[in-house]
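Data first, discussion second: the structure below is written as structure tokens.
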Amino acid sequence: MLLEFNRKLNGFVWGPPMLLFLFSTGVFFTVKTGFFQLTHIPFIFRYTVGTLLRKGEKKNKAGSISPFQAVSTALAGTIGTGNIVGVATAIVAGGEGAVFWMWVSAFFGMMVKYAEVVLAVRFRQTDKNGMHYGGPMYYIEKGLKCRWLARLFAFFCMIASFGMGNMAQANSIACAMQNTFRVPPLITGALIMAVASFVILGGIRRISGVAEKLVPFMSFIYLGAGILIILLNISEFPRALHSILKSAFSLKSAGGGIYGYAIARSARFGFSRGIFSNEAGLGSAPIAHAASDAESAVRQGAWGIFEVFVDTIVLCSVTAIVIVMSGLANGAGSLDGAALTSAAFSVYLGSSGGIFITLAITVFALTTLLGWSYYGIECMAYLTGSRSSLHTLYKAFYAFIALAGSVGTVTAVWEVSDTLNGMMAIPNLIAVIGLSKLVFSLTKKEV
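In the working numbering, the protein residues as written are 1341 to 1787.
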């Protein structure tokens, strides 16, 4: 009965009204900033990738993390099963045209993420050790002056950290390792618990340090393999691109009614899986960005745009193009999720394709698990008013939950956590829109 209620609630949370709310917010910020993500590409490049090329900007202040470590932590929580499993699921459920709508959601989602990060840095707090912290709960309370809404966001985020951020990720790793290498889930779970305990107990400095190394490393390898496949089979690329665009708007011979339904279904899954992957609007990533030592909220906001670009426009697109080029997107039978992506890569890489996807899922899901631990800790700290006494207990329980997720069936956890993820967006988007004038003002002053 409870699960049935959750399914109905999920249908609303991730239904057309909510997706329209998210999409409209992105359009609003895009238009009001003069299509900032297009017209200010030099500015975005200068204060994201450009900072990594300039000496003297890589060091972070004592007691804090650098802007790049912040975005690596945010990407750790963002880049995960959505880039591999979510893309394949979107294609199966909404057709190849869902890929196009993922691109559309990412384009406008860039400005939602930008606004979130700007507000997170603007309203961040500093503890007695000089460590910055913040997130939607703080800009909702201190900017919007609505504490009950801030607490609601923090509650949803904290609970979601155990489900979607932890158990679901651990289960994905365990299933992949069992299917590919025949490793028992209990052993995988124990290893995840050990790694999680070591990293999480080190706090944001250790989490960000691991993320700074693992996320770029695995992203480059995954991206490199995907691009290599595309380049070696470049003659198939135009067909794949044409298929995606045609599917997004194609007329079905059965008539306009089915055509309209097909487009709506394709758009829905494209938007929802795009948001699931890049998390623009959910309010999770700004918690990591608030911890950076960035002096400028607007410059750190540029990292938010970069984050969505890398996650969806780059990584998700590579996954999607390989799947469509493989010919398995239509008529894949029972293939879905990781199995479809693995089969698509195996078309070009042979048996090593499955091994590669398993390793990619393992690294991406593990970094997601680590990134979400920080989100949960910060939300718990906000709710309890304590920034130390309960942290160790939370971290220990979080690591144990990873073991439980590895050996259990987490279908219900996926469903409930998916709903909570969506519900996080409601208070967050209300605040982002309510504080939009501040975002525009800060942007205008600096750009």
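The beta carbon of each residue, even a glycine, is placed where N, CA and C say it ideally should be.
Asked: Cα-Cα separation, Phe-1408 to Val-1461; Found: 14 Å
Asked: In DSSP terms, what Arg-1465 is bridged to; Found: First, the residue type needs correcting, since residue 1465 is Gln and not Arg in the sequence shown. Paired residues: Tyr-1473.
Asked: Per-residue DSSP class, three states only, for Ser-1726; Found: coil
Asked: Touching by the beta-carbon criterion (3+ pairs, under 8 Å), the region 1453–1473 and the region 1771–1779; Found: yes
Asked: Buried/exposed call for Pro-1767, threshold 16 Cβ in 10 Å; Found: buried
Asked: Nearest to Arg-1476 (by Cα), restricted to the options Gly-1690, Ala-1642, Val-1452, Lys-1468; Found: According to the sequence as given, residue 1476 is Pro; it is not Arg. Ranking the options by Cα distance to Pro-1476, first place goes to Val-1452.
Asked: Buried/exposed call for Ser-1575, threshold 16 Cβ in 10 Å; Found: exposed
Asked: Val-1389 versus Thr-1707 - alpha carbon distance; Found: 21 Å
Asked: Simplified DSSP assignment, three categories, for Ser-1632; Found: strand
Asked: Host alpha helix (DSSP H) of Ser-1587 (start-end); Found: 1577–1589
Asked: Buried versus exposed, by CB contacts within 10 Å (16 or more), Pro-1357; Found: exposed
Asked: Residues of its chain near Gly-1644, where Cβ-Cβ distance is below 6 Å and the 5 sequence neighbours each way are ignored; Found: Lys-1453, Tyr-1454, Val-1457
Asked: When Pro-1382, Met-1763, Val-1787, Thr-1413 are compared against Phe-1352, the one with the closest alpha-carbon; Found: Met-1763
Asked: Helix, strand or coil at Ala-1765 [DSSP, three-state]; Found: helix
Asked: Beta-carbon proximity of Ser-1632 to Ala-1410, cut-off 7 Å; Found: yes
Asked: Own chain partners of Gly-1597 with C-beta closer than 7 Å, once the 5 adjacent residues on each side are dropped; Found: Reliability fails at Gly-1597, whose pLDDT of 43 lies under 50, so the model's placement of it is uncertain and no value is given.
Asked: Cβ-Cβ separation, Phe-1463 to Lys-1485 (assumed contact under 8 Å), whole Å; Found: About 11 Å separates the two Cβ atoms, so there is no contact after all.
Asked: Complete alpha helix (DSSP H) runs within the region 1536–1583 (minimum length 4 residues, chain order); Found: 1543–1572
Asked: Beta carbon of Ala-1700 nearer than 7 Å to that of Gln-1509; Found: no
Asked: Glu-1436, DSSP secondary structure in three states; Found: coil
Asked: Contact check, Ala-1430 vs Glu-1647, beta carbons under 7 Å; Found: no
Asked: Per-residue burial, Glu-1344 [other beta carbons within 10 Å of its own, 16 or more giving buried]; Found: exposed
Asked: Assigned secondary structure, Gln-1656 (DSSP; H/G/I helix, E/B strand, else coil); Found: Note on residue identity: the sequence assigns Cys, not Gln, to residue 1656. Here Cys-1656 sits in helix by DSSP.
Asked: Inter-stretch contact at 8 Å, needing at least 3 Cβ pairs: the region 1493–1509 / the region 1654–1674; Found: no
Asked: Thr-1313 vs Ala-1446 beta-carbon contact at 7 Å; Found: Nothing can be reported for residue 1313: it is not among the residues displayed for the chain, which extend from 1341 to 1787.
Asked: Three-state secondary structure assigned by DSSP to Thr-1702; Found: helix
Asked: Through-space distance from Gly-1725 to Thr-1421, alpha-carbon basis; Found: 33 Å
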